[in-house]
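Residues in the first sequence are numbered from 2 upward in steps of one, following this note's numbering. Built from N, CA and C at the ideal position, the CB exists for glycine as well.
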Amino acid sequence: MAKQGKQKQQQGKKAKTAISPTRAEDYPEWYQQVIKAAELAEASPVRGCMVIKPWGYAIWEHVQATLDRMFKETGHVNAYFPLFIPKSYLEKEAEHVEGFATECAVVTHHRLEPGPDGTLVPGGELAEPLIVRPTSETIIGEVYAKWVQSYRDLPILINQWANVVRWEKRPRLFLRTTEFLWQEGHTCHATREEAVEETLKMLDVYETFARDWMALPVIKGEKTPEERFPGAVDTYTIEAMMQDRKALQSGTSHFLGQNFSKAANILFLDRDGEQKLVWTTSWGVSTRLIGALIMTHSDDDGLVLPPKLAPSHIVILPVLRGDAPDEVTAFCEALATDLRAQTYHGAPVRVLVDNRDLRGGEKTWQHVKKGVPIRLEIGPRDVKEGAVFMGRRDKGVKEKSSVPRDEFVAQATTILDEIQQALLDRALAYREENTRVIDDLEEFKAYFTPKNVDKPEPHGGFAHCYSAGGPEVVEICRELKVSARCIPVGVEEEPGTCLFTGKPAARRVIFAKAY
RNA sequence: CGGGGCGUGGCUCAGCCUGGUAGAGCGCUGCGUUCGGGACGCAGAGGUCGAAGGUUCAAAUCCUUUCGCCCCGACCA
């Protein structure tokens, strides 16, 4: 007994948090452990490629469903283009080739033939190698060239949900994997103005989605020339701050000008009888968003999910060991039915009754680690009182309270909204705390220099600085492992002096360490 | 592609220096005791020690080669 007590105490001390190490101890390792504990994904036999597990995929499905609806509300339709791109297509846009050449998977053969010792060797060499799409501008451009004849064919507003492959040197689950899932919108317009408008409109869609669904505050901005998409005229981004204060580019929207229409010869006959090149855009978000979600909200007890995207909003945990298990089961089922009859942002409340034959404590912790917004523990006592014992994932695990059953049913969607809002507020406050205006180069350097160089602690954040851009700026930043994240859009500003070069600078740029 | 590290049951690892033919904890299965909070006892299943050569009476252990993985950098949604 004494031994047990002692062990328990030690365990209690050691395992104060469900995730080890904690964010403060080792942030990158914490991130991996959260993914593992929440059963979001795991490494696969193929280097750089991950298996997205049901819980993680369900989140992606909610992301997809919501964005898909938003795209359609803004006039877009879905289509699907080939996985393979002829090498010659990729070669047509000079900057584009240069940008992607080093990370392409290349298919050179179309069959396998018997080799020595029962092995198989590639046979049937292709006349022209096929590239597994790293992005689809080129092939879609070729197709659009056939579709577009007249100004009456414009605009073309198409999105595709697809997988792409970029042979990354250093993969990280969700943040940077060799194969990843995404959507890519590709549009053609008759005028420059219209294309620019489309680019910014989709950036707004992304911002809205991030804020209202993911509870992710983002900064809309324009990329500096160094950070621009290969082949784009202007690249816009939504940048989010993770809890280690690094920036994560969470979505992009590109104004491609006529670069790709030139390459693919997308011509139309305008009203004035002139042959003209169309203006194109492209925009995308990927499974990286899940990485953003994890690193923005989760804590040392695991994943924390914004209710709107949570695979389950509410988990009911029946305590069946008491004297009236049948009554408890019936109570839980009836409760689930009543909750599912509620509508939360256009869909029924998602309720899971966890009847698995596991001990209560362990079961509870599993759902904590998976980030389920509301947990209801229900035993004979609650049944007798007509109450539920509620825990919220945005509060402490031990911070639980008894709520009358009917009151809870009536309030459930309101509570979910509260949690959603609390996550957004918290993330926004964190970003504000770790953002500053810097006009002194030494301060800039100090801000981005960790105390522990070998294993950097979370430091720095977003720095708003005047910058004239150019190689000097890039060089100073490179030494600090900092980069220009974006030039915020929609912010009025006085011109100033470049922090790095002393040259005149039109406006402030956000600098940060980044993923 | 550079620089470090590691490959031993499902997972985390010990054993290797000083060769003698495989261990622990967790997990898993069964039984029992527990149970409103990450339980405990007993019994059990599970490994050709990354792969291929070599040295040796004998190799997880020594030598050579090779493959794979992880971390740290340069490239990136």
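Of all the options the options, which has the alpha carbon lying nearest to the alpha carbon of residue i?
i, options, result
"residue 175", "158, 120, 249, 209", "249"
"residue 412", "485, 375, 495", "375"
"residue 474", "149, 502, 448", "502"
"residue 320", "484, 357, 291", "357"
"residue 288", "48, 468, 180", "180"
"residue 32", "403, 472, 295", "295"
"residue 191", "456, 271, 421", "271"
"residue 343", "125, 407, 166", "407"
"residue 464", "472, 291, 449, 456", "449"
"residue 447", "461, 226, 308", "461"
"residue 516", "483, 438, 62", "483"
"residue 380", "156, 418, 330", "330"
"residue 226", "378, 497, 486", "486"
"residue 269", "152, 499, 466, 30", "152"
"residue 373", "405, 328, 302, 332", "302"
"residue 386", "98, 404, 47", "404"
"residue 471", "435, 347, 510, 440", "510"
"residue 514", "363, 199, 481, 333", "481"
"residue 367", "305, 325, 402, 425", "305"
"residue 137", "98, 198, 275, 23", "98"
Just to confirm, is the Cβ distance from residue i to residue j under 9 Å?
i, j, result
"residue 93", "residue 265", "yes"
"residue 490", "residue 222", "yes"
"residue 65", "residue 162", "yes"
"residue 409", "residue 512", "no"
"residue 284", "residue 195", "no"
"residue 206", "residue 391", "no"
Helix, strand or coil, according to DSSP, for residue i in the structure here?
i, result
"residue 89", "helix"
"residue 115", "strand"
"residue 1", "Residue 1 falls outside the range modelled here, since the chain spans only 2 to 516, and no answer is possible."
"residue 401", "strand"
"residue 460", "coil"
"residue 338", "helix"
"residue 148", "helix"
"residue 262", "helix"
"residue 277", "strand"
"residue 250", "strand"
"residue 235", "strand"
"residue 354", "strand"
"residue 175", "coil"
"residue 431", "helix"
"residue 161", "strand"
Which value, in whole angstroms, describes the spacing of the CA atoms of residue i and residue j?
i, j, result
"residue 4", "residue 384", "Unreliable positioning characterises residue 4 in this predicted model, as indicated by a pLDDT of 29, which lies under 50. The coordinate reading is nonetheless provided below. Using only the alpha carbons, I get a separation of about 36 Å."
"residue 428", "residue 34", "21 Å"
"residue 88", "residue 256", "24 Å"
"residue 442", "residue 19", "41 Å"
"residue 123", "residue 116", "9 Å"
"residue 159", "residue 235", "20 Å"
"residue 415", "residue 239", "29 Å"
"residue 293", "residue 182", "15 Å"
"residue 185", "residue 237", "14 Å"
"residue 112", "residue 120", "13 Å"
"residue 203", "residue 254", "7 Å"
"residue 77", "residue 188", "9 Å"
"residue 378", "residue 58", "26 Å"
"residue 393", "residue 110", "54 Å"
"residue 83", "residue 349", "36 Å"
"residue 469", "residue 499", "5 Å"
"residue 286", "residue 212", "14 Å"
| task | Indicate whether the contact test is met: 3 or more Cβ pairs, each with one atom in the stretch 351 to 365 and one in the stretch 305 to 318, closer than 8 Å. | result | yes
| field | Inter-stretch contact at 8 Å, needing at least 3 Cβ pairs: the stretch 59 to 77 / the stretch 140 to 153 | value | no
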